[in-house]
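A.B. asks: For the sequence shown, the working numbering gives the first residue as 2, with consecutive numbering after it. Here a beta-carbon is modelled for each residue, glycine too, at the ideal position from N, C-alpha and C. Note that the coordinates shown come from a computational prediction; the quantities given were computed from them, not determined experimentally. Submitted below is the structure of interest, expressed as structure tokens.
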Amino acid sequence: MLVDGKWIGPIFDQHLHLDRNNRFLDAVSDFSKSGGTAIMLVHKPEFSRSLPTDRQGYEKVYSETISMAEEIRRNFDLEVGVALGPHPVAWETQIANLGLKKSTELHLEAVSLALEHIDSGTANCLGEVGRPHYPVAEEVWEEANEMLLEVLSMASSAKTSVQLHVEDNDDVTCHELSQLCRSAGLPLDRAIRHYAPPNVSAEFTHGLSATVNVGKGSIATLTETANRAISPWGMETDFLDDKNRPGAVLGPKTVPKRTQELASSLLSSGWKESKVESLLQNIHSDWPESLYGL
2 MLVDGKWIGP
12 IFDQHLHLDR
22 NNRFLDAVSD
32 FSKSGGTAIM
42 LVHKPEFSRS
52 LPTDRQGYEK
62 VYSETISMAE
72 EIRRNFDLEV
82 GVALGPHPVA
92 WETQIANLGL
102 KKSTELHLEA
112 VSLALEHIDS
122 GTANCLGEVG
132 RPHYPVAEEV
142 WEEANEMLLE
152 VLSMASSAKT
162 SVQLHVEDND
172 DVTCHELSQL
182 CRSAGLPLDR
192 AIRHYAPPNV
202 SAEFTHGLSA
212 TVNVGKGSIA
222 TLTETANRAI
232 SPWGMETDFL
242 DDKNRPGAVL
252 GPKTVPKRTQ
262 ELASSLLSSG
272 WKESKVESLL
282 QNIHSDWPES
292 LYGL
């Protein structure tokens, strides 16, 4: 609910990474003390160390993510969801050593393993999967899209939601993804564009869900487009917990801060208090529950 214009209720960061070798629990503490109540902990690839080369390697790194989630639950009064999946940049990176075919086979095996964890209840979402966000050779791009179609088909069969790492080509990206989802039989709202632009209107998202990267300037666009949304959306930082990349993405205090800014902005633009409360409840509780079972 809103009290004197301030949101007193759930606040969910739907996409962040943590690392035991970096801030880890200190970062969670920042989030919690700022008013945060729930996080989606997303598997973080070890690009600076080594990437898994077989199923056993993926089981090891997935288990570490699950273990961190359990430790957070023990130390904080937070809801903690887990997203597991092989990162598309890991797939593209490993082509050099494994070859295109073997890198794809490993990627799909890692997806299958993640889906097993979701089925058993140790994870809540497949992610982040997708395709490279930077230019690649035409052969690699074609394979990336064929592989993504297979991943979405697997998610459809498993009846799970998917957080997607993709390039930023505005609504063209959403349109292409919506076509892939239809071909795969995955309901559009189960496909979640991670690191999404703040335009949540139906004409931009094409029916996909979104976790919006709530950087500077995002609140104005959210305020402008929220009335035209037809699918779930939420907020994220994509916090990396990487001491070698300070400031590369948003800090753990950001989602609580932007939530209050959004409440103020919507009220100032003429939204009724009850409508703002309903939207914030959807963003931080009802929609995540529908997508992740949290």
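#1: Determine the DSSP secondary structure at residue 224, reduced to helix, strand or coil.
#2: State yes or no: is the beta carbon of residue 279 nearer than 8 Å to at least one beta carbon in chain D?
#3: Take residue 10 as the anchor and find which of 35, 197, 116, 159 has the nearest alpha-carbon.
#4: Taking a contact to mean a Cβ-Cβ separation below 8 Å, would you say residue 148 touches residue 176 in this structure?
#5: What first and last residue would you give for the alpha helix (DSSP H) that runs through residue 214?
#6: Tell whether a beta-carbon distance below 8 Å holds between residue 253 and residue 28.
#7: Applying the 10 Å Cβ sphere with the 16-neighbour rule, what's the burial state of residue 173?
#8: Beta carbon of residue 44, beta carbon of residue 82: below 8 Å?
#9: Could you tell me if residue 132 is buried or exposed, where buried requires 16 or more neighbouring beta carbons within 10 angstroms of its beta carbon?
#10: Go through its chain and collect everything with a Cβ distance to residue 89's Cβ below 6 Å, but skip five positions before and after it.
#11: Tell me the DSSP bridge mates of residue 39?
#12: Give me, in chain order, the residues of the same chain whose beta-carbon lies closer than 6 Å to that of residue 194; leave out the 5 immediate sequence neighbours on both sides.
#13: Judging by CA-CA distance, which residue of 169, 223, 183, 280 is the nearest neighbour of residue 151?
#14: Applying the criterion that 16 or more other CB atoms from any shown protein chain within 10 Å of the CB defines a buried residue, is residue 246 buried or exposed?
C.D. replies: On the basis of the coordinates in this document:
#1: The DSSP-derived three-state label of residue 224 is helix.
#2: This model lacks chain D altogether; it includes just one protein chain.
#3: For the residues 35, 197, 116, 159, the minimum Cα distance to residue 10 belongs to 35.
#4: Result no, Cβ atoms of residue 148 and residue 176 do not sit closer than 8 Å.
#5: Run containing residue 214: none in the alpha helix (DSSP H); it sits in the beta strand (DSSP E), 210-214.
#6: With a cutoff of 8 Å on beta-carbon distance, residue 253 and residue 28 are scored as near each other.
#7: For residue 173, the number of other beta carbons within 10 angstroms of its own is below 16, and it is reported as exposed.
#8: Residue 82 is positioned such that its CB atom lies no closer than 8 Å to that of residue 44.
#9: Residue 132 comes out buried.
#10: For residue 89, the CB contacts under 6 Å within the same chain, skipping 5 residues up- and downstream, are 131, 132, 133, 166 in chain order.
#11: Beta-bridge partners of residue 39 (DSSP): 13, 80.
#12: Spatial neighbours of residue 194 in its own chain (CB-CB distance under 6 Å, excluding positions within 5 residues in sequence) are listed in chain order as 165, 209, 211.
#13: The candidate whose alpha carbon is nearest that of residue 151 is 183.
#14: In this structure residue 246 is exposed. Its beta-carbon is surrounded by fewer than 16 other beta-carbon atoms within 10 angstroms.
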